[in-house]
Amino acid sequence: MGVTNEPPYMEYEIENGEFRGASGYVVDVLDAAAARGGFTYELVPLDETRLQAGEETYTGLLIRTIAENNFDLLASVWYDTAERKRLGVLFGRRVIDVSGYVVAPKNDVSNEPPLSEKLALFTQPFSGGVWATIVGLLIFQATVMFFLDRQRVKRVAREHHVVVEQLRHEARKDEAARQGQAVAAGPPGPKPLPGAALSMRWNNGWTDEASFSRREVEKPTAAEEAANLRARLAWVDALAQSAFETVSHMAAAEDAPMPVAWAARVQNVVWCFLVLLTISAYTANLATFLIVRSQPTSSINGIGDLLGRRIPTCVQFDTGLGEFISSKYPSLNAVRSRWSDGLANIEAKRCTGIIMALYDAQQALSSGVGCSLAVQGQPLVDLSGAFAYSPSSTNSCGPQVLVVMDSLLAQLSEEGVLSELWDAYVQRRCPADLEAESASASDSVKLSMEGFSGPFLVYGCATFLLICCSIIGHWREQARGRGGGSNETEKGAPGRAMGRLRGVKEETISIEQEPESGLAKNL
Numbered sequence: 014m015g016v017t018n019e020p021p022y023m024e025y026e027i028e029n030g031e032f033r034g035a036s037g038y039v040v041d042v043l044d045a046a047a048a049r050g051g052f053t054y055e056l057v058p059l060d061e062t063r064l065q066a067g068e069e070t071y072t073g074l075l076i077r078t079i080a081e082n083n084f085d086l087l088a089s090v091w092y093d094t095a096e097r098k099r100l101g102v103l104f105g106r107r108v109i110d111v112s113g114y115v116v117a118p119k120n121d122v123s124n125e126p127p128l129s130e131k132l133a134l135f136t137q138p139f140s141g142g143v144w145a146t147i148v149g150l151l152i153f154q155a156t157v158m159f160f161l162d163r164q165r166v167k168r169v170a171r172e173h174h175v176v177v178e179q180l181r182h183e184a185r186k187d188e189a190a191r192q193g194q195a196v197a198a199g200p201p202g203p204k205p206l207p208g209a210a211l212s213m214r215w216n217n218g219w220t221d222e223a224s225f226s227r228r229e230v231e232k233p234t235a236a237e238e239a240a241n242l243r244a245r246l247a248w249v250d251a252l253a254q255s256a257f258e259t260v261s262h263m264a265a266a267e268d269a270p271m272p273v274a275w276a277a278r279v280q281n282v283v284w285c286f287l288v289l290l291t292i293s294a295y296t297a298n299l300a301t302f303l304i305v306r307s308q309p310t311s312s313i314n315g316i317g318d319l320l321g322r323r324i325p326t327c328v329q330f331d332t333g334l335g336e337f338i339s340s341k342y343p344s345l346n347a348v349r350s351r352w353s354d355g356l357a358n359i360e361a362k363r364c365t366g367i368i369m370a371l372y373d374a375q376q377a378l379s380s381g382v383g384c385s386l387a388v389q390g391q392p393l394v395d396l397s398g399a400f401a402y403s404p405s406s407t408n409s410c411g412p413q414v415l416v417v418m419d420s421l422l423a424q425l426s427e428e429g430v431l432s433e434l435w436d437a438y439v440q441r442r443c444p445a446d447l448e449a450e451s452a453s454a455s456d457s458v459k460l461s462m463e464g465f466s467g468p469f470l471v472y473g474c475a476t477f478l479l480i481c482c483s484i485i486g487h488w489r490e491q492a493r494g495r496g497g498g499s500n501e502t503e504k505g506a507p508g509r510a511m512g513r514l515r516g517v518k519e520e521t522i523s524i525e526q527e528p529e530s531g532l533a534k535n536l
């Protein structure tokens with residue numbers, strides 16, 4: 014059997030400059046076939062001097078050796094091409110798959126998503142139309158609940174009315190205490206009503222505190238005027254409260270008051286069911302997006318990208334695959350390479366991608382530079398790597414040996430022996446693969462800070478904006494109070510009033526459902 018030095022398929026063992034044998038995948042296959050067929054064999058290295066000097070291709074070496082008729086079988090993985098068959102070479106059953114594939118980087122920096130896309134990752138599970146529909150449904154649900162639960166308007170109006178009365182009573186009480194006079198009893202406290210607990214808005218504190226810097230306590234303060242205005246526009250506040258409760262149901266932010274009307278309660282149940290489905294769909298789609306993002310992405314997905322963008326591509330011109338690629342794709346921006354170079358030209362940045370046989374690619378991508386590369390796209394050509402035989406029966410037994418070897422190789426292939434032998438040569442030794450073996454599946458889809466910084470950015474910007482608006486509103490109230498007050502402002506009484514008012518604002522006001530007041534009737 015004539016052989017060539019092609020690691021890892023056939024690797025010579027040289028001792029003192031003499032050939033002592035060989036090892037590799039082809040030797041393993043021959044050993045398995047010999048054990049199954051009961052024969053022995055002898056390996057004889059071919060003269061590769063001209064091949065190594067670049068004066069001859071593998072096709073030339075094959076045709077020259079076949080013409081010499083010195084061997085029954087050439088036990089190397091020769092590419093089974095139509096050109097070589099036309100020149101009179103017999104090929105046996107496929108031993109390896111040498112179909113041509115594009116090998117390119119897994120993660121291309123030019124294919125990285127922009128920062129805006131990374132920040133908007135949490136919005137991608139739904140399209141823009143779905144998000145717009147959700148926002149529209151929130152507004153629609155708030156409006157529906159506002160009309161179905163009309164008692165909400167009366168509650169909000171009564172709340173502001175009670176606030177105004179308490180503010181005036183506190184102001185009179187502090188003024189009377191400063192002058193040493195008695196003060197009449199204040200307005201009666203509201204009686205509690207189950208399910209009708211209302212809380213004052215949190216931001217009233219600064220507004221009322223700033224407005225109480227006036228000396229004319231009997232004159233309506235800015236806080237009282239604002240409260241009166243809110244009472245007249247109670248339906249606006251009620252609609253806003255309805256929207257807040259609707260969003261609270263959506264985000265489970267807090268427990269909203271139970272609606273009074275039964276129609277509103279049924280509507281709430283329907284809304285909660287819709288919220289459940291929406292959150293479930295969002296969670297499922299987000300998980301899918303995370304899994305997709307965790308997969309490597311490349312801007313080179315096949316021969317079309319190499320041709321269209323004129324990407325430098327290494328082609329092994331001394332192989333049958335290289336000869337086929339050069340003839341089929343003459344416009345390819347090819348960089349001449351040798352089979353023995355492997356991935357050295359990619360490591361040296363001479364080319365971005367390389368066209369390799371499948372088995373060559375599997376072995377090259379198992380370690381080293383190949384860890385950052387991957388097979389991309391579909392096969393460019395379906396080729397087999399097989400043993401070659403002489404067609405002549407005069408000086409050799411090529412045709413007879415072919416029949417026997419094909420029968421043995423078919424048995425080994427059907428039993429999975431060939432696959433088991435090859436697996437030993439393509440064990441992944443990349444750091445990422447070794448880490449993946451010890452890591453759980455969930456680790457591969459963990460979100461980084463960069464990948465999910467969008468929600469934190471939205472939260473920070475919204476919080477900063479609301480704080481700024483609150484501070485600006487406080488400054489405006491202070492300026493309004495200083496402009497409307499007297500030059501002889503007493504600081505002691507207002508200070509005491511402000512302290513008590515803060516306590517009042519923090520209390521929860523429970524109101525009793527009474528016959529409609531004039532204010533409620535006007536509403």
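The opening residue of the sequence shown carries number 14 in the working numbering; numbering runs sequentially from there.
Here a beta-carbon is modelled for each residue, glycine too, at the ideal position from N, C-alpha and C.
Since this is a predicted model, take the numbers as computed values, not measurements.
What does the alpha-carbon distance come out to for the pair arginine 351 and proline 21?
Here residue 351 refers to the residue found at position 338 when the sequence shown is read from its first residue. Here residue 21 refers to the residue found at position 8 when the sequence shown is read from its first residue. Going by the C-alpha atoms only, they are around 16 Å apart.
To the nearest angstrom, report how far apart arginine 323 and threonine 291 are at their CA atoms.
Here the question's residue 323 lines up with position 310 in the sequence shown. Here the question's residue 291 lines up with position 278 in the sequence shown. Straight-line Cα distance between these residues: approximately 46 Å.
Taking only three categories from DSSP, how would you classify cysteine 410?
In the sequence shown, the residue the question calls residue 410 occupies position 397. Of the three classes helix, strand and coil, the one that applies to cysteine 410 here is coil, per DSSP.
In whole angstroms, give me the CA-to-CA distance for serine 339 and valine 108.
Within the sequence shown, residue 339 is the residue found at index 326, counting from 1. Within the sequence shown, residue 108 is the residue found at index 95, counting from 1. Each residue's alpha carbon lies about 24 Å from the other.
I need the straight-line Cα distance from glutamate 24 to arginine 33, nearest angstrom please.
The residue you call residue 24 lines up with position 11 of the sequence shown. The residue you call residue 33 lines up with position 20 of the sequence shown. If you take the alpha carbons of glutamate 24 and arginine 33, they lie about 11 Å apart.
State the start and end residues of the unbroken beta strand (DSSP E) segment that holds phenylalanine 84.
Your numbering for residue 84 matches position 71 in the sequence shown. It is not in any beta strand (DSSP E) - phenylalanine 84 carries neither H nor E in the DSSP assignment.
Can you give me the start and stop residues for the alpha helix (DSSP H) that phenylalanine 135 sits inside?
Translated into the one-based positions of the sequence shown, residue 135 becomes position 122. Careful: phenylalanine 135 lies outside any alpha helix (DSSP H) and carries neither H nor E.
Does the structure place the region 129–144 close enough to the region 416–433 that three or more beta carbon pairs sit under 8 Å?
no
Compute the Euclidean distance between the alpha carbons of aspartate 110 and glycine 141, then round it to the nearest angstrom.
Counting from one through the sequence shown, the residue named residue 110 turns up at place 97. Counting from one through the sequence shown, the residue named residue 141 turns up at place 128. Roughly 47 Å between the two C-alpha positions.
Between the Cα of tryptophan 91 and those of Ser379, His487, Gly333, Tyr472, spot the shortest distance and give me the residue it belongs to.
One-based indexing of the sequence shown puts residue 91 at position 78. Measuring from the Cα of tryptophan 91, the nearest candidate turns out to be Gly333.
If you measure between the beta carbons of isoleucine 313 and leucine 319, is that distance less than 8 Å?
Indexing the sequence shown from 1 puts residue 313 at position 300. Indexing the sequence shown from 1 puts residue 319 at position 306. Yes, they are a contact pair.
Taking only runs of the beta strand (DSSP E) that begin and end inside the region 287–354, which ones reach a length of at least 3 residues, in chain order?
326–329, 347–350
Valine 328: which of Asn298, Ile359, Phe160, Gly317 sits nearest, CA to CA?
Numbered from 1 along the sequence shown, position 315 holds the residue referred to as residue 328. With distances taken between Cα atoms, valine 328 lies closest to Ile359.
Would you check if the distance between the CB atom of valine 115 and the CB atom of glutamine 376 is smaller than 8 Å?
For this step, residue 115 is matched to residue 102 along the sequence shown. For this step, residue 376 is matched to residue 363 along the sequence shown. Contact flag unset, no.
Would you call glutamine 154 buried or exposed, if buried means 16 or more other Cβ atoms sit within 10 Å of its Cβ?
By one-based count along the sequence shown, residue 154 stands at place 141. With 16 or more other Cβ atoms within 10 Å, it is buried.
Taking buried to mean at least 16 other C-beta atoms within 10 Å of its own C-beta, is leucine 470 buried or exposed?
By one-based count along the sequence shown, residue 470 stands at place 457. So leucine 470 ends up on the exposed side.
If you draw a straight line from the alpha carbon of alanine 370 to that of tyrosine 38, how long is it in whole angstroms?
Sequence index remark: in the sequence shown, residue 370 carries index 357 (1-based). Sequence index remark: in the sequence shown, residue 38 carries index 25 (1-based). Their Cα atoms are separated by approximately 15 Å.
Rounded to a whole number of angstroms, what is the C-alpha to C-alpha distance between arginine 493 and threonine 476?
The residue given as residue 493 occupies position 480 in the sequence shown. The residue given as residue 476 occupies position 463 in the sequence shown. About 26 Å.
Looking only at its own chain, which residues have a Cβ that is under 8 Å from the Cβ of glutamate 61, when we skip the five neighbours before and after it?
Working through the sequence shown from its first residue, we reach residue 61 at position 48. Hits under 8 Å: Thr17, Asn18, Leu74.
Please report the straight-line C-alpha distance between aspartate 373 and serine 344, rounded to a whole angstrom.
As a first step, residue 373 must be located in the sequence shown, where it is residue number 360. As a first step, residue 344 must be located in the sequence shown, where it is residue number 331. If you draw a straight line from the Cα of aspartate 373 to the Cα of serine 344, it is about 24 Å long.
Can you give the Cα-Cα distance for glycine 429 and glycine 366, rounded to whole angstroms?
Your numbering for residue 429 matches position 416 in the sequence shown. Your numbering for residue 366 matches position 353 in the sequence shown. If you take the alpha carbons of glycine 429 and glycine 366, they lie about 32 Å apart.
Thinking tyrosine 54 and leucine 43 are a contact (beta carbons under 8 Å), I'd like their distance in whole angstroms, please.
The residue you call residue 54 lines up with position 41 of the sequence shown. The residue you call residue 43 lines up with position 30 of the sequence shown. Contact holds; Cβ gap of about 6 Å.
For glycine 429 and chain C, any beta-carbon pair shorter than 8 Å?
Within the model displayed, chain C is absent; a lone protein chain is all it includes.
Among Tyr402, Cys443, Ala423, which residue has its Cα nearest to the Cα of glutamine 413?
Here residue 413 refers to the residue found at position 400 of the sequence shown. Among Tyr402, Cys443, Ala423, the Cα nearest to that of glutamine 413 belongs to Tyr402.
In the DSSP output, what is arginine 107 paired with across the bridge?
For the purposes of this step, residue 107 is identified with residue 94 of the sequence shown, where counting begins at 1. Answer by DSSP bridge pairing, in chain order: Ala399.
Run the CB neighbour count on tyrosine 472, radius 10 Å, all protein chains shown included, and call it buried at 16 or more, exposed below.
In the sequence shown, residue 472 corresponds to position 459, counting from 1. Classification of tyrosine 472: exposed, given that the 10 Å Cβ count is below 16.
Does the distance from the C-beta atom of glycine 398 to that of leucine 356 stay below 8 Å?
Taking the sequence shown and counting its residues from 1, the one referred to as residue 398 is at position 385. Taking the sequence shown and counting its residues from 1, the one referred to as residue 356 is at position 343. Cβ atoms of glycine 398 and leucine 356: not closer than 8 Å.
To the nearest whole angstrom, what separates the beta carbons of aspartate 331 and threonine 70, a pair I think is in contact under 8 Å?
For the purposes of this step, residue 331 is taken as residue 318 along the sequence shown, with counting starting at 1. For the purposes of this step, residue 70 is taken as residue 57 along the sequence shown, with counting starting at 1. Yes, aspartate 331 and threonine 70 are in contact; Cβ-Cβ is about 5 Å, under 8 Å.
At the level of alpha carbons, what is the spacing between isoleucine 76 and serine 380?
Taking the first residue of the sequence shown as position 1, residue 76 is located at position 63. Taking the first residue of the sequence shown as position 1, residue 380 is located at position 367. Isoleucine 76 and serine 380: Cα-Cα distance of roughly 34 Å.
Please report the distance separating the alpha-carbon of proline 325 from that of valine 348.
Residue mapping note: residue 325 aligns to position 312 of the sequence shown, counting from 1. Residue mapping note: residue 348 aligns to position 335 of the sequence shown, counting from 1. Approximately 6 Å between the Cα atoms of the pair.
For isoleucine 27, write down the residues that DSSP places opposite it in a beta bridge.
Counting from one through the sequence shown, the residue named residue 27 turns up at place 14. For isoleucine 27, which the question treats as bridged, DSSP gives the partners Phe32.
Within the continuous beta strand (DSSP E) that includes glycine 390, where are the two ends?
Within the sequence shown, the letter at position 377 stands for residue 390. Segment 386–394, the beta strand (DSSP E) holding glycine 390.
CB-CB under 7 Å to glutamine 280, same chain, minus the five flanking residues each way: which ones, in chain order?
For the purposes of this step, residue 280 is taken as residue 267 along the sequence shown, with counting starting at 1. Contacts found: Val157, Met158, Leu161.
Just how far apart, CA to CA, sit serine 89 and glutamate 26?
Stepping through the sequence shown from its first residue, residue 89 is reached at position 76. Stepping through the sequence shown from its first residue, residue 26 is reached at position 13. Counting only the Cα atoms, glutamate 26 lies some 16 Å from serine 89.
By Cβ distance, which residues of its chain are closer than 7 Å to asparagine 216, with the 5 residues on each side in sequence left out?
One-based indexing of the sequence shown puts residue 216 at position 203. Residue confidence is low: asparagine 216 scores 37 on pLDDT, short of 50, so the model does not pin down where it sits. Its coordinate-derived value is still stated next. Ser483.
Using three-state DSSP, classify methionine 158 as helix, strand or coil.
Here residue 158 corresponds to residue number 145 of the sequence shown, with the count starting at 1. The answer is helix: DSSP assigns methionine 158 an H, G or I state.
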